[in-house]
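Residue numbers (the numbering used here), protein chains in the order written: chain Y, 33 to 347; chain F, 112 to 594; chain G, -11 to 208; chain E, 10 to 681.
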């Protein structure tokens, strides 16, 4: 029973925390460039405002265009709900392992790209084609990372992986470091952050994610925004639970350990968000056709990590 | 006819001979075609009766054994169907005036003489007699090839004649050598030429003489089999003569020569010290196969195309017999029968096609399956069959040849397979051009019976699916004889 | 058999080979035909000699056939044809005389080597005859392939047949069927060639085979 | 017992009679309905018989030998679990295709060229799967090729189709020759062509290697492995769409059956390296296939190329199974083999579905070129919906079936560290990376396929006139879409169904899945990895509808239609949309240079001139240039040289004979 509760809490906490995280990142970034910046809760306000607004739908938009936001939101949310945040061994964690989670995000992207092409403007096309190009490199990299994790932990089940990474016998492995770097790079690309994409721009020719959702407005846009917030949170909690598994409570453990877990989790998020903000203010956005090199590097790192594992094993 | 009671054997010789005499003297040329058909039918019946009547003991001149009975029946059957086809074909030639009435009488008389010659070659137990018969058949076909008297026809016939008679000479020398090899063992006189006697005593013959003899025989008769590089007469003779003759050449005359080669192969195989005939035949077979396969690509004349495919298949058959062994020999026999039926059927189709389209140039014939479905699809089936695709008979023989060869001598199978593939590519290319696409050329309907064509194809199809037990047993026995 | 008979047979056969060589270096049609006639005569002699020593009387017939047909009828006929068709009288050779002769010598040695491999217990006369016959046949072929002119090819072909007759008669007790067949094949050959020459006369102005070759079925 | 096989053989027999009927009544209007109806009934019947057999006595392998075919072997047929599975694949596909064709066939311009061969094609595939001796197998195999060739040639007036047909049949008989040689090795000099005899005889390592190579050539050329794939994207689209579906969805699977039958069943224990070749070829095929598909603008050719990709995936996991089997890791081998077979089933579903959709587009618009389509989602609502499902499934996205099988493949790859050989240890994850890449590219490819074809605005007038296709076609597509979903959310059932096959071929099976909680699938252990399509599907459905409900409950419903944003300019013409080529451009930039030696050249007009600047892209099919053109050139050269021999003078021919004689005599003279 407790597990079920924990699972529920987890699901909704993800939902609630995501905007806050974005708000926090934005605040920090503003601070770093000596701006006041919007309040941390601004994203919530934006969402609510968008919900209230009417939807302006392009003439040519089809039913797919209207269904997509909900599908994207659902897929992303389910994926996020399956990643251990403050407690592992969740009730439904076995419903999908890491590969499945990646694939869920993939389906979300699939629909987003289609929606981008639905209206029939060139912007949607640009966004969609660049998005799939990025994905076509990010996904294999992600899967190779999964491989190396699975080779270390002997499982693709996140709870197991997390438990293993928490345990002492992990030791310090070069390949894990490589996978971590690769994972970070992939996460940046997947969440359309700098330097791959600029979440703040509206200059059509440089944007990827924003171009796809250019035609969205009102509640639809809200759904999509929320989904992208959740996605960022998801990747952060993924990194957290795999590479910083400390304090991760086991579901069914006592309330106090759960509390500790929650606290640890918030701390990790804060740190990661801080790092992200600093990084983003430090780097400049790269040309679209530099992105393949960036992701190619991630891919190579991941592969290298996988292969190095055998070496380190044999030593 | 030394020492038979009646017979079938006498019949299959005398019917054609008699018919030839009648036809030569026959006043009404319109009737000749029918007489020709009837005679061929009677011969066929006589040949079939060989199964029921008890087999006569081999005499000094004639013999009927398991080996040649296959050939005889096949020969008379194709001879009959061809005569049926030739009736309609020749009628058309008469209308178009390419042939005149006297030509026609001559043509039919020659046809029967040729049948006589071939039958005689098959039943003869005497290597001298066999030689005479083969030459008789050859010379008659020479005359028939030249019958149109066009430049091309004359040239083809002349080429055929010169190369053919050189072949004659070489074969004769080979025969003499065999006699000389036999004479010290068997003793002087006719006995030293009686095959059934020779084969018993072959072990004691002088191997050196036998080897030389076999080379001459292989070249002499091989010229008529059309093995490269002795093939030169074959494509033109096929292309320029009347189509029924092309059918008979490919379907029968090649077999006659092949039969002769086989007989002597047996003789040689019986003498251990002599050179093995296998390697020679394998080499010649492969050469012919690959050479013909390449030659298929640049052909512009439809009949010449299929003439080269005959060379290719003769190559396969000789290769199979060269390989020897029960599987390969079985395959060789089967392939030979199937090839005769298929190739003659193809030539029937080609004859009608050339008549309705008024040309033999491949480039001027298109989309037959649209303009003349009956002919077009017959051609498609024929080519599919000749290319060794299932479910037609040649597939089975090629299956056996290739697989058994690869299991025994992998390195021989590679060129074999390559040759088959190259040839297949060429045939398919041409077939696509002929049978498909926008129809081109004459659209006149065909006034001819499809019966001979489709009956052959039906037989080939049936054989590809099911070989009746007796036939198999019989083939296997012969394959055993061939060693 | 006694030495002398053997020597005579040997002599005749050998001279046949020699005459074949003579054919190789004829460069005029008439001369070629005459040499061929000589060839036929010598053949007739050697066949007759064989008939005598084997006392196989049917061989006399063969000798007669050879004499009558090959030494008389055919040469005369060929002369006629040449005159009627007005063929230019000299022969274009494809290969020079010298190389041809060398090739001829090579062929003779080859046939010797081949026949000497035959086990000795075979009757020596037969072996000698075979060797000579084989060389005559090869030389006849050589004539055919080194001459461009149809008539000379025919002649070469017939000298080849002479070789066959020699071999056949050398073979002891070979049944008559062979001689008959040889004669009759020559007969057929001659008739058909004659027929051809006529047809060719209708169509072309020359029997030069090259002219025929212009009408090859497929032209590029 | 053995009557089952006899009963099953009635199916092909009936189909062949139908073919004869079709040939007889080809031009008659009722013939279409008759033939396809009959084909549907027969396939369904065969399906029922197989199901009955599996239900009543699984594990038994009834066999029968007819006095046909090769005399001393006879025509042997056998129904073991493997053939049963592929029979299901074939006849399921056959039944649905016939259903589709009941409607689609009416638009056929030359029915008399399709009706006779369609049932024959089905019969051929059935026989291949049932055959139990080399002769019957090859006969049916080549017969299948022949029938499909005839179908490709159905629209023979089109030059391209004729070329496709020719190349196809040549490649097919090349493959048959390779198989023939392989069987020759297995049968041995004695010529024991029955499969059970081959099973008994264990070839040596060299022979086994040769057989494996020949099977890769033979089965691979039919299945479309790179570089033997060249015919496939030409031939599959050339046929009428329902036939394309059969060729791409089913016939390639029959080829895979051939490979499994020989390599896993007849060949006995594999050598450890035997897996490597298959793995590498499979991975390369997957990536190259999907890259070609991405560059393609012809809808049907795009689908054909994506078939090549899926074949690559299947072969890769077959190679994995080989490697595991060779190293005595039966459970892992069973996992890999199950993944392969599962993907076989799935691909037969969604590829047929997609080809049906392409056919529907073709009939309603007359266009195959995506650049002339667009906006069809408004004209063909149902078709576009099922096509979308097909696209999701083939892109390996949860919760549909494509993902389930690819997930299994990855799980199998994750067992690779247990392999003893270093080569395999390193190669397998690399191949895994290739598969992941191909999966991602597949998603991109089908975003393009669906987006350009069905979304956006109409690019040609043909689309404006388009209207939804007939009920038969829609029914067929709907059925397949349903299968895609079911196989995706209930993979456990399929996996358990496949257990008997892996048991018979490998001697082990995956753990029983139906027992798992909530029908989730657990390849090894729950702590290790598990996936539950049903639950994922449920979650997505629930949360999506929840979200929708809350939004519509509490947020605004207001909705206004307006023109799309065009940077302030008036509504641009449809031509201004992103085209298929431009969509593929980024990926072409990334992968094109090595995969197609793609080169982009920009021609700028002279300064001041008003001509447009031009961007030209030239891409090459590398495989074609490396493998096929040289061969064609060599043959051309040889024919040119040899052809002179047709034009010699008689004297020269005589010289040939003469020389040949002299040479032979010399040989004899020098004979020891």
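Note that the Cβ used here is the ideal one computed from N, Cα and C, for glycine as well.
Computed from a predicted structure; not experimentally measured.
Please report the residue range of the alpha helix (DSSP H) in which residue i lies.
{"i": "residue 312 of chain Y", "result": "287 to 314"}
{"i": "residue 334 of chain F", "result": "318 to 336"}
{"i": "residue 115 of chain E", "result": "Premise fails: residue 115 of chain E is in no alpha helix (DSSP H) and is neither H nor E."}
{"i": "residue 661 of chain E", "result": "659 to 678"}
Residue i lies in the beta strand (DSSP E); which residues open and close that run?
{"i": "residue 571 of chain E", "result": "568 to 571"}
{"i": "residue 86 of chain E", "result": "84 to 87"}
{"i": "residue 612 of chain E", "result": "608 to 612"}
{"i": "residue 23 of chain G", "result": "First-last for residue 23 of chain G: 17 to 41, but that is the alpha helix (DSSP H), not the beta strand (DSSP E)."}
{"i": "residue 627 of chain E", "result": "623 to 627"}
{"i": "residue 74 of chain E", "result": "72 to 75"}
{"i": "residue 83 of chain G", "result": "That residue, residue 83 of chain G, is in no beta strand (DSSP E); it is neither H nor E in DSSP."}
With a threshold of 16 other CB atoms inside 10 Å of the CB of residue i, please say whether the residue is buried or exposed.
{"i": "residue 135 of chain E", "result": "buried"}
{"i": "residue 255 of chain Y", "result": "buried"}
{"i": "residue 554 of chain E", "result": "exposed"}
{"i": "residue 195 of chain G", "result": "For residue 195 of chain G, the predicted structure reports a pLDDT of 47, less than 50, and the residue's modelled location is therefore unreliable. The matter cannot be settled from this model."}
{"i": "residue 132 of chain G", "result": "buried"}
{"i": "residue 491 of chain E", "result": "exposed"}
{"i": "residue 415 of chain F", "result": "buried"}
{"i": "residue 602 of chain E", "result": "exposed"}
{"i": "residue 449 of chain E", "result": "buried"}
{"i": "residue 123 of chain F", "result": "buried"}
{"i": "residue 44 of chain Y", "result": "exposed"}
Can you name the residues of chain E whose CB is closer than 8 Å to the CB of residue i?
{"i": "residue 548 of chain F", "result": "165, 166, 168, 171"}
Under 8 Å by Cβ, that's how I've got residue i and residue j pegged, so tell me the actual separation to the nearest angstrom.
{"i": "residue 194 of chain Y", "j": "residue 289 of chain Y", "result": "Not quite, the Cβ-Cβ distance comes to about 14 Å (not below 8 Å), so this is no contact."}
{"i": "residue 174 of chain Y", "j": "residue 218 of chain Y", "result": "5 Å"}
{"i": "residue 27 of chain G", "j": "residue 53 of chain G", "result": "Wrong, their Cβ atoms sit about 15 Å apart, outside the cutoff."}
{"i": "residue 5 of chain Y", "j": "residue 116 of chain Y", "result": "Summary: the structure shown does not reach residue 5 of chain Y, with chain Y confined to residues 33 through 347, and so no result is reported for it."}
{"i": "residue 385 of chain E", "j": "residue 313 of chain E", "result": "At roughly 20 Å, the Cβ-Cβ gap does not stay under 8 Å, so residue 385 of chain E and residue 313 of chain E are not in contact."}
Using a cut-off of 7 Å between C-beta atoms, extract the partners of residue i located in chain E.
{"i": "residue 501 of chain F", "result": "148, 151, 152"}
Since residue i meets chain F, which of its residues come closer than 7 Å, beta carbon to beta carbon?
{"i": "residue 680 of chain E", "result": "386"}
{"i": "residue 106 of chain G", "result": "317, 319, 320"}
{"i": "residue 648 of chain E", "result": "405, 408, 409"}
At a CB-CB cut-off below 8 Å, which residues of chain G make contact with residue i?
{"i": "residue 660 of chain E", "result": "82, 132, 133, 135, 136, 141, 197"}
{"i": "residue 183 of chain E", "result": "Within chain G, no residue comes near residue 183 of chain E; the closest Cβ sits about 29 Å away, beyond 8 Å."}
Quick one: list the residues of chain G neighbouring residue i, beta-carbon separation under 9 Å, in chain order.
{"i": "residue 677 of chain E", "result": "102, 105"}
Check the Cβ of residue i against every Cβ in chain C and list those closer than 7 Å, keeping chain order.
{"i": "residue 231 of chain Y", "result": "This model lacks chain C altogether; the protein chains it does include are Y, F, G and E."}
Does the segment 480 to 497 of chain E touch the segment 423 to 433 of chain E, meaning 3 or more C-beta pairs lie closer than 8 Å? no
Contact between the segment 228 to 239 of chain E and the segment 291 to 302 of chain E (3+ Cβ pairs under 8 Å): yes
At a cut of 8 Å, does the segment 252 to 262 of chain E reach the segment 218 to 226 of chain E through at least three beta carbon pairs? no
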